[in-house]
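Colleague: Quick one: the structure is below, and I'll ask about it shortly.
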Amino acid sequence: MGDKTQLLLIALTSKYKVRDILIGTTASILVLNALAVLAGGLLNEFLSTHIWIVKLIACLAFFFFSVTSLMKESEEEESSGSKIKFAPLAVFCIFFIAEFGDKTQLTAITFGATTGLNVNTIVIWLASSVALLVADIIGLCVGYFLHGKTPDKFFNILAFVVFAVFGFVNLYAVFVSLEAKRLMVPIFIAVSVVFMAICGIILKGRSQCFVSQQTEPKNLGQDAT
(Lines of atoms letter the chains of each structure in order from A and count residues from 1; the text may use other names and numbers.)
(Lines give C-alpha, C1' and ligand atoms only; values in the text may rest on other atoms or scores of the structure.)
Protein backbone atom coordinates (compact mmCIF):
# COMPACT_ATOMS: atom_id res chain seq x y z
CA MET A 1 0.00 0.00 0.00
CA GLY A 2 1.06 3.60 -0.58
CA ASP A 3 3.32 2.68 -3.50
CA LYS A 4 3.79 4.98 -6.48
CA THR A 5 2.01 2.53 -8.80
CA GLN A 6 -1.25 3.28 -6.98
CA LEU A 7 -0.79 6.96 -7.73
CA LEU A 8 0.07 6.00 -11.30
CA LEU A 9 -3.23 4.16 -11.69
CA ILE A 10 -5.10 7.15 -10.30
CA ALA A 11 -3.40 9.29 -12.95
CA LEU A 12 -4.31 6.80 -15.68
CA THR A 13 -8.02 7.16 -14.89
CA SER A 14 -7.96 10.56 -16.58
CA LYS A 15 -6.92 8.94 -19.86
CA TYR A 16 -8.23 5.35 -19.92
CA LYS A 17 -11.38 3.53 -18.93
CA VAL A 18 -11.39 1.63 -15.65
CA ARG A 19 -11.99 -1.64 -17.52
CA ASP A 20 -8.87 -1.13 -19.65
CA ILE A 21 -6.84 -0.17 -16.59
CA LEU A 22 -7.87 -3.33 -14.73
CA ILE A 23 -7.13 -5.60 -17.72
CA GLY A 24 -3.72 -4.09 -18.41
CA THR A 25 -2.77 -3.94 -14.72
CA THR A 26 -3.83 -7.53 -14.01
CA ALA A 27 -1.84 -8.89 -16.98
CA SER A 28 1.22 -6.87 -16.00
CA ILE A 29 1.04 -8.00 -12.35
CA LEU A 30 0.80 -11.68 -13.35
CA VAL A 31 3.84 -11.42 -15.63
CA LEU A 32 5.92 -9.40 -13.17
CA ASN A 33 5.25 -11.69 -10.22
CA ALA A 34 5.82 -14.82 -12.32
CA LEU A 35 9.29 -13.54 -13.22
CA ALA A 36 9.95 -12.53 -9.60
CA VAL A 37 8.88 -15.81 -7.99
CA LEU A 38 10.77 -17.82 -10.61
CA ALA A 39 13.93 -15.81 -9.95
CA GLY A 40 13.51 -16.34 -6.21
CA GLY A 41 12.93 -20.07 -6.65
CA LEU A 42 16.06 -20.45 -8.77
CA LEU A 43 18.01 -18.53 -6.12
CA ASN A 44 16.76 -20.98 -3.51
CA GLU A 45 17.77 -24.00 -5.61
CA PHE A 46 21.33 -22.72 -5.94
CA LEU A 47 21.56 -21.99 -2.22
CA SER A 48 19.56 -24.96 -0.91
CA THR A 49 22.54 -26.30 1.10
CA HIS A 50 22.96 -22.93 2.81
CA ILE A 51 19.37 -21.95 3.57
CA TRP A 52 20.51 -19.47 6.21
CA ILE A 53 21.96 -17.32 3.41
CA VAL A 54 18.49 -17.10 1.82
CA LYS A 55 16.97 -16.16 5.16
CA LEU A 56 19.66 -13.52 5.72
CA ILE A 57 19.05 -12.06 2.25
CA ALA A 58 15.33 -11.96 2.99
CA CYS A 59 16.02 -10.31 6.34
CA LEU A 60 18.18 -7.59 4.79
CA ALA A 61 15.69 -7.10 1.95
CA PHE A 62 12.76 -6.53 4.31
CA PHE A 63 14.78 -4.13 6.45
CA PHE A 64 15.66 -2.26 3.26
CA PHE A 65 11.98 -2.12 2.26
CA SER A 66 11.08 -0.88 5.73
CA VAL A 67 13.65 1.91 5.70
CA THR A 68 12.80 3.02 2.16
CA SER A 69 9.13 3.22 3.17
CA LEU A 70 10.14 6.24 5.26
CA MET A 71 11.72 7.94 2.28
CA LYS A 72 9.57 10.31 0.30
CA GLU A 73 9.09 9.30 -3.28
CA SER A 74 10.30 12.21 -5.39
CA GLU A 75 10.01 10.56 -8.78
CA GLU A 76 6.72 10.89 -10.62
CA GLU A 77 5.69 8.48 -13.31
CA GLU A 78 4.72 10.10 -16.59
CA SER A 79 2.13 8.33 -18.67
CA SER A 80 1.00 11.01 -21.08
CA GLY A 81 3.64 10.10 -23.64
CA SER A 82 2.21 6.70 -24.51
CA LYS A 83 1.37 6.32 -28.20
CA ILE A 84 -0.09 2.78 -28.02
CA LYS A 85 -3.63 2.82 -29.35
CA PHE A 86 -4.82 -0.44 -27.70
CA ALA A 87 -5.62 0.85 -24.20
CA PRO A 88 -5.05 -2.37 -22.16
CA LEU A 89 -1.66 -2.87 -23.83
CA ALA A 90 -0.71 0.74 -23.13
CA VAL A 91 -1.61 0.33 -19.45
CA PHE A 92 0.28 -2.98 -19.38
CA CYS A 93 3.48 -1.35 -20.67
CA ILE A 94 3.21 1.69 -18.40
CA PHE A 95 2.56 -0.42 -15.29
CA PHE A 96 5.28 -2.95 -16.21
CA ILE A 97 7.91 -0.23 -16.55
CA ALA A 98 6.81 1.50 -13.33
CA GLU A 99 6.73 -1.71 -11.25
CA PHE A 100 9.76 -3.53 -12.67
CA GLY A 101 12.40 -3.79 -9.95
CA ASP A 102 10.19 -2.03 -7.41
CA LYS A 103 9.76 -3.09 -3.76
CA THR A 104 6.72 -5.21 -4.49
CA GLN A 105 8.52 -7.28 -7.11
CA LEU A 106 11.59 -7.64 -4.88
CA THR A 107 9.26 -8.83 -2.12
CA ALA A 108 7.90 -11.56 -4.42
CA ILE A 109 11.50 -12.59 -5.20
CA THR A 110 12.19 -12.78 -1.46
CA PHE A 111 9.18 -15.01 -0.78
CA GLY A 112 10.07 -17.19 -3.75
CA ALA A 113 13.62 -17.55 -2.45
CA THR A 114 12.40 -18.81 0.92
CA THR A 115 10.33 -21.66 -0.55
CA GLY A 116 12.12 -22.76 -3.72
CA LEU A 117 10.60 -24.24 -6.88
CA ASN A 118 7.69 -26.43 -5.76
CA VAL A 119 3.91 -26.34 -5.40
CA ASN A 120 4.19 -23.33 -3.10
CA THR A 121 5.72 -21.37 -5.99
CA ILE A 122 2.33 -21.21 -7.72
CA VAL A 123 0.64 -20.28 -4.45
CA ILE A 124 3.10 -17.43 -3.85
CA TRP A 125 2.71 -16.23 -7.44
CA LEU A 126 -1.10 -16.14 -7.19
CA ALA A 127 -1.15 -14.71 -3.66
CA SER A 128 1.32 -11.92 -4.41
CA SER A 129 -0.49 -11.09 -7.65
CA VAL A 130 -3.89 -10.93 -5.97
CA ALA A 131 -2.46 -8.86 -3.10
CA LEU A 132 -0.90 -6.30 -5.43
CA LEU A 133 -4.04 -6.12 -7.57
CA VAL A 134 -6.27 -5.62 -4.52
CA ALA A 135 -3.91 -2.95 -3.15
CA ASP A 136 -3.99 -1.10 -6.46
CA ILE A 137 -7.78 -1.33 -6.64
CA ILE A 138 -8.06 0.01 -3.09
CA GLY A 139 -5.73 2.84 -3.98
CA LEU A 140 -7.79 3.52 -7.07
CA CYS A 141 -11.02 3.64 -5.04
CA VAL A 142 -9.42 5.87 -2.39
CA GLY A 143 -8.30 8.19 -5.15
CA TYR A 144 -11.83 8.46 -6.48
CA PHE A 145 -13.41 9.08 -3.08
CA LEU A 146 -10.76 11.56 -1.94
CA HIS A 147 -10.46 13.23 -5.34
CA GLY A 148 -6.87 12.14 -5.87
CA LYS A 149 -5.63 12.87 -2.34
CA THR A 150 -4.51 9.49 -0.99
CA PRO A 151 -3.22 9.20 2.63
CA ASP A 152 0.38 8.50 1.67
CA LYS A 153 1.87 9.01 5.15
CA PHE A 154 -0.45 6.49 6.79
CA PHE A 155 0.29 3.78 4.24
CA ASN A 156 4.03 4.51 4.33
CA ILE A 157 4.08 4.08 8.11
CA LEU A 158 2.05 0.88 7.81
CA ALA A 159 4.48 -0.47 5.20
CA PHE A 160 7.42 0.51 7.43
CA VAL A 161 6.03 -1.50 10.37
CA VAL A 162 5.06 -4.55 8.31
CA PHE A 163 8.42 -4.79 6.52
CA ALA A 164 10.31 -4.31 9.81
CA VAL A 165 8.37 -7.18 11.40
CA PHE A 166 9.16 -9.45 8.43
CA GLY A 167 12.81 -8.43 8.73
CA PHE A 168 13.04 -9.50 12.37
CA VAL A 169 11.10 -12.71 11.66
CA ASN A 170 13.63 -13.67 8.98
CA LEU A 171 16.50 -12.68 11.26
CA TYR A 172 15.13 -15.13 13.82
CA ALA A 173 14.97 -17.79 11.09
CA VAL A 174 18.69 -17.22 10.42
CA PHE A 175 19.56 -18.10 14.01
CA VAL A 176 17.29 -21.14 13.90
CA SER A 177 18.99 -22.38 10.71
CA LEU A 178 22.45 -21.84 12.20
CA GLU A 179 21.38 -23.28 15.58
CA ALA A 180 22.90 -20.25 17.29
CA LYS A 181 20.09 -19.06 19.53
CA ARG A 182 22.55 -18.05 22.27
CA LEU A 183 23.73 -15.15 20.14
CA MET A 184 20.21 -14.14 19.18
CA VAL A 185 19.44 -11.67 22.00
CA PRO A 186 22.60 -9.49 21.76
CA ILE A 187 22.51 -9.44 17.95
CA PHE A 188 18.79 -8.64 17.97
CA ILE A 189 19.50 -5.70 20.27
CA ALA A 190 22.40 -4.51 18.09
CA VAL A 191 20.36 -4.79 14.90
CA SER A 192 17.46 -2.95 16.52
CA VAL A 193 19.73 -0.08 17.63
CA VAL A 194 21.32 0.24 14.18
CA PHE A 195 17.95 -0.01 12.45
CA MET A 196 16.37 2.70 14.62
CA ALA A 197 19.47 4.91 14.20
CA ILE A 198 19.19 4.68 10.40
CA CYS A 199 15.47 5.49 10.58
CA GLY A 200 16.22 8.45 12.85
CA ILE A 201 18.79 9.81 10.41
CA ILE A 202 16.32 9.49 7.52
CA LEU A 203 13.54 11.24 9.44
CA LYS A 204 15.92 13.99 10.53
CA GLY A 205 17.05 14.51 6.95
CA ARG A 206 13.45 14.73 5.77
CA SER A 207 12.57 17.28 8.45
CA GLN A 208 15.58 19.44 7.55
CA CYS A 209 14.66 19.23 3.88
CA PHE A 210 11.10 20.31 4.73
CA VAL A 211 12.34 23.27 6.79
CA SER A 212 14.67 24.40 3.99
CA GLN A 213 11.82 24.23 1.48
CA GLN A 214 9.66 26.37 3.76
CA THR A 215 12.32 29.05 4.29
CA GLU A 216 13.52 29.20 0.68
CA PRO A 217 10.68 31.39 -0.70
CA LYS A 218 11.18 33.88 2.14
CA ASN A 219 14.85 34.29 1.33
CA LEU A 220 14.03 34.83 -2.32
CA GLY A 221 11.51 37.46 -1.36
CA GLN A 222 14.04 39.32 0.78
CA ASP A 223 16.60 39.26 -2.02
CA ALA A 224 14.08 40.69 -4.43
CA THR A 225 13.34 43.63 -2.14
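Just so it is clear: in the sequence shown, position 51 is 123 by this note's numbering, and no numbers are missing. Backbone N, C-alpha and C define an ideal beta-carbon position, used for all residues, glycine too.
Would a C-beta distance cut-off of 8 Å place L161 and G239 closer than the cut-off?
Modeller: Mapped onto the sequence shown, residue 161 falls at position 89. Mapped onto the sequence shown, residue 239 falls at position 167. Taking 8 Å as the Cβ cut-off, L161 and G239 do not qualify as a contacting pair.
Colleague: Rank Y88, L104, V234 by C-alpha distance to the C-alpha of V202 and give the top, closest one.
Modeller: Stepping through the sequence shown from its first residue, residue 202 is reached at position 130. Measuring from the Cα of V202, the nearest candidate turns out to be L104.
Colleague: Using the Cα positions of L178 and V206, report the straight-line distance between them to the nearest angstrom.
Modeller: For the purposes of this step, residue 178 is taken as residue 106 along the sequence shown, with counting starting at 1. For the purposes of this step, residue 206 is taken as residue 134 along the sequence shown, with counting starting at 1. Answer to the nearest angstrom: the Cα atoms are 18 Å apart.
Colleague: Going by the CB atoms, is the gap between T187 and A130 shorter than 8 Å?
Modeller: As a first step, residue 130 must be located in the sequence shown, where it is residue number 58. As a first step, residue 187 must be located in the sequence shown, where it is residue number 115. Their beta carbons are not under 8 Å apart, which means A130 does not touch T187 by this criterion.
Colleague: Can you tell me whether I194 is buried or exposed, with buried defined as 16 or more other CB within 10 angstroms of its CB?
Modeller: In the sequence shown, counting from the first residue as 1, residue 194 sits at position 122. By the neighbour-count rule (16 or more Cβ atoms within 10 Å), I194 is not buried but exposed.
Colleague: Is the Cβ-Cβ distance between G112 and F167 less than 8 Å?
Modeller: Numbered from its first residue, the sequence shown carries residue 112 at position 40. Numbered from its first residue, the sequence shown carries residue 167 at position 95. Against a cut-off of 8 Å, the Cβ pair of F167 and G112 comes out as no contact.
Colleague: Beta-carbon within less than 6 Å of F137's beta-carbon, same chain only, minus the 5 sequence neighbours each way: which residues are those?
Modeller: In the sequence shown, counting from the first residue as 1, residue 137 sits at position 65. Answer for F137: K175, F235, listed in chain order.
Colleague: Classify S200 as buried or exposed, calling it buried when 16 or more other Cβ atoms lie within 10 Å of its own Cβ.
Modeller: To locate residue 200, count along the sequence shown from 1; it is residue 128. Classification of S200: buried, given that the 10 Å Cβ count is 16 or more.
Colleague: Quick check on DSSP: helix, strand or coil for T193?
Modeller: Position 121 of the sequence shown, counted from the start, is the residue given in the question as residue 193. Reduced to three states, the DSSP call for T193 is helix.
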